[in-house]
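A.B. asks: Just dropping this structure here.
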Amino acid sequence: MTAAQATRTPKIALVGNPNSGKSTLFNLLTGMRQKTGNFPGVTVDIKTGHFRLPGGKEVELTDLPGAYSLYPTSADERIVTSVFSNPSDPNYPDAVVYVADVTHLEKHLLLLTQLLDLRLPLLLALNMADAAETIGLKVNSAKLSEKLGIPVVLLSSRTGENVSKLLTEIEKLLEESENKHKDFYHLNEQERSVAEAIRMNAGVDNPYRALLLAHHYSWLPALAAPTRQTISAIVSNKQFSSLKHQVDETLERYDHFTPIVQAAVQPPPRFPSTATDRIDAVLTHRWLGPVIFALIMLLVFQAIYDWSSIPMDFIESAFAWLSDTLRAFLPEHWATRLLTDGIVTGLSGILVFVPQIAILFFLITLLEEVGYMARVVFMFDRFMRRFGMGGRSIVSLISGGACAVPAIMSSRTIGNWKERLITILVTPFITCSARIPVYVILIGLVVPAQKVLGIFSLQSLTFAGMYALGVFAALSSGYILKKIMRTRELSYLALELPVYRMPHWRNLWLTVWEKVSAFVWEAGRIILIISVLLWALASFGPGDSFQQAEVQARAEATAQQLSPEETESLVAAYQLEASYAGRIGKAFEPLIRPLGYDWKIGIALFTSFAAREVFAGTLAVLYQLGNAEADITDAAENETKATLRQRMEAEKFTDSGKPVYTLATALSLLVFYALAMQCASTLAVVRRETGSWKWPLLQFTFMTLLAYAGAWVVYNLFI
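Structure follows, in structure tokens:
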């Protein structure tokens, strides 16, 4: 380690192929001391964390995306290539821990040997030692270390076996002043000529890194324009064929490291039918597989409803108690109303759904951990191609059940541009976790909690139906886009199916905690801002409109001989309509009245474009401020204690006196939210991923028109 490196926190990169257990090892080492962020110029989320070595020194660990080689075929792999092509990058590591699945070692060594030729301090972590022992596979790690010239540690990130030894080897690696391993790949004559020219003219220190620049100069973000032009001229003058040299290099590397693996790894004496083989015979069956998948998804929806009812009731009651307590102890003032009617009520509109969102993330992560989601990709690859997508698209679509933003970003693993673009455009149709608050409120409002066949409730079946509607819309749109978009680019699926394993519970809980925390933090900030703004718009009006509204309300109350409580409620309702928010909603109402919506729903539709879950918070604030029309029959229950669902049940149109939330209106709203693009963040990430505003604007227009038409049809069918 240099003197400069000794004065700062060392950076270590965790690198490896997908499904190598790399992320599990990262969680084991860093625990809760991790965060998700972006490298400069990179839009994919990158995890970084900290841990301490046996000597007490703190180390920063970066979990780079899974990659197969430094010749990338996806956006994720480009990140790895970009980092290792530029030593001046602030994220360039001081050392590399390369994680490989010991049970498939030969498939995992291509990228390792490329990193060796960059002269990086590196050690090889042979993961899944427990699985190797189970199947009878033996590894001579000492011989492997001797042949590769680097430290090799056999470990299990699931059980923690030999992790302490790994930390000791990392400490030794950082203390070494120079690399001891030799170059693994020897450049041929033309490659040496190109690399030497780039070294002399572009100031590159390493021959293999110079060769990488010759392959990737056209897209590497760190290259300055003059350097890019210089390399382009060298490549052109020397007639360097990038694709040919990539193929030749890859084949030669396999020729070199395959004998090393064969000498160091003793395979099992025989390969009997494993539990994974027997399970796959059922779960990936041509006909049974999709049926089992549908049943699993239905059970997930049922669990979201059944498991979450008790914590949701508790959270809802806790916020009601908090609001009443604040009103009782704080003086009557606008700041008190802001706190109780704006902030507390707005936040309760989102936090009450945390149990359901946590259950969703838990179950999806559980399916990924045991290895089932990879089978889903395999099963549906041929089916998805009918709709212009592929097996990898199913990962994005299923991830869309959590959030469309990371789901769209995960489409970077799709190499075919047409498939990737179609996946990006249709993924927002998939019901995301942000729609859950809307669905839960509306389904619970109009669908009875009756059991079907003694197992499934009508509410969970309706909930599953909304997911099915989103899937149908996504596939139908994909089919249309497939017919419109033409390309000759070929597509194929290369996938390594992991063995079935018990979930790594620490990894699972960390993932759920990270996802839910991010959801609450991101949504909470938006809710807080919008709730405060909405409270202000609903609490004030132009000129003396509030005074006039109060005079009119009191005159009507006197004529109708209302009680003092009823009079104050009528005043609150009239003032809400006279507020800025009321005027905006009234102006918007003629456009949405054909769908069965009133002006308050119109405001919620408008504000929820920032985030779908804002719908519930918006209605909570509006009904809290204007609860005059909440005709709650239980006299023992004060209107301020009424839940959002109770206020919605009692809401009526001011002109006709008819209930707002009928079955037709609720179903219309469900369809609108299932089909509409109700998320500004999704539009932004589509713009970023496609590099143009053309696609997100077309996407927004199409989804909005489809949602309006679908909601109108449903409302008129059930009215």
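Just remember that the working numbering sits 244 ahead of the position in the sequence shown, which is counted from 1. Think of the CB as a built atom: it goes at the ideal place given N, C-alpha and C, for glycine as much as any other residue.
In angstroms, rounded to a whole number, what distance separates the CA positions of K387 and G393?
C.D. replies: Here residue 387 refers to the residue found at position 143 of the sequence shown. Here residue 393 refers to the residue found at position 149 of the sequence shown. Approximately 10 Å, taken between the alpha carbons.
A.B. asks: Which residue wins for smallest C-alpha separation from A266, given the options L368, S332, I608, R322?
C.D. replies: Counting from one through the sequence shown, the residue named residue 266 turns up at place 22. The residue you asked about is not Ala; residue 266 is Lys in the sequence shown. Comparing Cα positions, the closest option is L368.
A.B. asks: Would you decide whether R453 is buried or exposed? Buried here means 16 or more other CB atoms lie within 10 Å of its CB.
C.D. replies: Walking along the sequence shown from the start, residue 453 turns up at place 209. That one is buried.
A.B. asks: Taking all protein chains shown into account, decide if S329 is buried (16 or more other Cβ within 10 angstroms of its Cβ) or exposed.
C.D. replies: Position 85 of the sequence shown, counted from the start, is the residue given in the question as residue 329. Looking at its Cβ environment, which holds 16 or more other Cβ atoms inside 10 Å, S329 is buried.
A.B. asks: Distance check for W565 and D875, CA to CA, integer angstroms please.
C.D. replies: In the sequence shown, the residue the question calls residue 875 occupies position 631. In the sequence shown, the residue the question calls residue 565 occupies position 321. Any reading at D875 must be qualified, since the residue scores a pLDDT of 40, below 50, and its modelled position is unreliable; the value itself is stated next. So the alpha carbons of these two residues sit roughly 21 Å apart.
A.B. asks: Does the separation of the CB atoms of S823 and A782 fall below 7 Å?
C.D. replies: In the sequence shown, residue 823 corresponds to position 579, counting from 1. In the sequence shown, residue 782 corresponds to position 538, counting from 1. Yes, the Cβ-Cβ distance between S823 and A782 is below 7 Å.
A.B. asks: Identify whether A369 lies in helix, strand or coil by the three-state DSSP scheme.
C.D. replies: Residue 369 sits at position 125 when you count from the first residue of the sequence shown. Note: A369 maps to strand in three-state DSSP.
A.B. asks: Could you give the DSSP three-state label for A920: helix, strand or coil?
C.D. replies: On the sequence shown, residue 920 is found 676 positions in, with the first residue counted as 1. In this structure, A920 counts as coil in the three-state DSSP scheme.
A.B. asks: Find the nearest neighbour of P511 within the set I728, T811, T347, judged by alpha-carbon distance.
C.D. replies: Here the question's residue 511 lines up with position 267 in the sequence shown. The shortest C-alpha separation from P511 is found at T347.
A.B. asks: Considering only C-alpha positions, which residue in the set G310, L689, R252 is nearest to V303?
C.D. replies: On the sequence shown, position 59 is the one that residue 303 refers to. Among G310, L689, R252, the Cα nearest to that of V303 is on R252.
A.B. asks: Using alpha carbons as the reference points, say which of P834, A799, M617, G299 lies closest to T412.
C.D. replies: Here residue 412 refers to the residue found at position 168 of the sequence shown. If we check each option's Cα against that of T412, G299 comes out closest.
A.B. asks: Locate the alpha helix (DSSP H) running through F962, then write down its first and last residues.
C.D. replies: Taking the first residue of the sequence shown as position 1, residue 962 is located at position 718. Its alpha helix (DSSP H) spans residues 938-962.
A.B. asks: So, is W661 buried or exposed, given that buried needs 16 or more other C-beta atoms within 10 angstroms?
C.D. replies: Within the sequence shown, residue 661 is the residue found at index 417, counting from 1. Burial call: exposed.
A.B. asks: Hey, would you say Y342 sits closer than 7 Å to L305, going by beta carbons?
C.D. replies: Here residue 342 refers to the residue found at position 98 of the sequence shown. Here residue 305 refers to the residue found at position 61 of the sequence shown. Against a cut-off of 7 Å, the Cβ pair of L305 and Y342 comes out as no contact.
A.B. asks: How is S640 classed by DSSP in three states: helix, strand or coil?
C.D. replies: Here residue 640 corresponds to residue number 396 of the sequence shown, with the count starting at 1. Three-state DSSP puts S640 in a helix.
A.B. asks: Please check the pair S701 and Q694, which I expect to be a contact at CB under 8 Å, by giving their CB distance rounded to whole angstroms.
C.D. replies: Here residue 701 refers to the residue found at position 457 of the sequence shown. Here residue 694 refers to the residue found at position 450 of the sequence shown. Right, the Cβ-Cβ distance comes to about 7 Å (below 8 Å), so this counts as a contact.
A.B. asks: By the DSSP assignment, the alpha helix (DSSP H) with E833 in it spans what residues?
C.D. replies: Here the question's residue 833 lines up with position 589 in the sequence shown. 824-836 is the extent of the alpha helix (DSSP H) around E833.
A.B. asks: Buried or exposed: which applies to A579, given that a residue is buried once 16 or more other Cβ atoms fall within 10 Å of its Cβ?
C.D. replies: Position 335 of the sequence shown, counting from 1, holds the residue named residue 579. By the 10 Å Cβ count, A579 comes out exposed.
A.B. asks: Please state the DSSP three-state secondary structure of G844.
C.D. replies: What you label residue 844 is simply residue 600 of the sequence shown in a count that begins at 1. Correcting the residue type first, residue 844 is Lys in the shown sequence and not Gly. Helix, per DSSP.
A.B. asks: Who are the Cβ neighbours of R750 in its own chain at under 6 Å, not counting the five residues just before and after it?
C.D. replies: As a position in the sequence shown, residue 750 is number 506, starting the count at 1. Contacts found: none.
A.B. asks: With which residues is S701 paired in a DSSP beta bridge?
C.D. replies: Here residue 701 is taken as the residue at index 457 of the sequence shown, counted from 1. BP columns for S701 point to K695.
A.B. asks: Given that a residue counts as buried once 16 or more other Cβ atoms are within 10 Å of its Cβ, and exposed if not, what is T909?
C.D. replies: Position 665 of the sequence shown, counting from 1, holds the residue named residue 909. Buried, because 16 or more other Cβ atoms sit within 10 Å of the Cβ of T909.
A.B. asks: I need the boundaries of the beta strand (DSSP E) containing T906, first residue and last residue.
C.D. replies: Against the sequence shown, residue 906 aligns to sequence position 662. Looking at the DSSP string, T906 is not in any beta strand (DSSP E), and its letter there is neither H nor E.
A.B. asks: Could you give the DSSP three-state label for F220: helix, strand or coil?
C.D. replies: Residue 220 cannot be examined here, being either before or after the span of the chain that is shown, 245 to 963.
A.B. asks: Here's the rule: buried if 16 or more other CB atoms are within 10 angstroms of the residue's CB, otherwise exposed. What is R619?
C.D. replies: By 1-based counting over the sequence shown, the position of residue 619 is 375. Result: buried.
A.B. asks: Determine the extent of the beta strand (DSSP E) in which T292 is found, giving its start and end residues.
C.D. replies: In the sequence shown, counting from the first residue as 1, residue 292 sits at position 48. Unbroken beta strand (DSSP E) run through T292: 290-296.
A.B. asks: Looking only at C-alpha atoms, which of L527, L370, V327 sits nearest to Y744?
C.D. replies: Here residue 744 corresponds to residue number 500 of the sequence shown, with the count starting at 1. If we check each option's Cα against that of Y744, L527 comes out closest.
A.B. asks: Pull up the distance between the alpha-carbon of M623 and that of I638, whole angstroms please.
C.D. replies: The residue you call residue 623 lines up with position 379 of the sequence shown. The residue you call residue 638 lines up with position 394 of the sequence shown. Their Cα atoms are separated by approximately 10 Å.
A.B. asks: On the three-pair Cβ rule with 8 Å, is the segment 811-831 touching the segment 939-955?
C.D. replies: Flag = no, the segment 811-831 and the segment 939-955 do not touch.
A.B. asks: Measuring CB atoms only, is the segment 425-442 touching the segment 488-500, in the sense that at least three cross pairs come out at less than 8 Å?
C.D. replies: Touching, yes, given that three or more Cβ pairs across the two stretches are closer than 8 Å.
A.B. asks: Could you tell me the distance, in whole angstroms, from the CA atom of H460 to the CA atom of S936?
C.D. replies: Locating residue 460 in the sequence shown gives position 216, counting from the first residue. Locating residue 936 in the sequence shown gives position 692, counting from the first residue. Answer to the nearest angstrom: the Cα atoms are 23 Å apart.
A.B. asks: Using the three-state DSSP reduction, which class does T306 fall into: helix, strand or coil?
C.D. replies: By one-based count along the sequence shown, residue 306 stands at place 62. The answer is strand: DSSP assigns T306 an E or B state.
A.B. asks: How is K382 classed by DSSP in three states: helix, strand or coil?
C.D. replies: In the sequence shown, the residue the question calls residue 382 occupies position 138. Strand.
A.B. asks: Helix, strand or coil for A468 per DSSP?
C.D. replies: Position 224 of the sequence shown, counting from 1, holds the residue named residue 468. If DSSP states are grouped into helix, strand and coil, A468 belongs with coil.
A.B. asks: What is the residue span of the alpha helix (DSSP H) that L455 lies within?
C.D. replies: For the purposes of this step, residue 455 is taken as the residue at position 211 of the sequence shown. 451-460 is the span of the alpha helix (DSSP H), which, as asked, contains L455.
A.B. asks: So for K896, helix, strand or coil by DSSP?
C.D. replies: As a first step, residue 896 must be located in the sequence shown, where it is residue number 652. Strand at K896.
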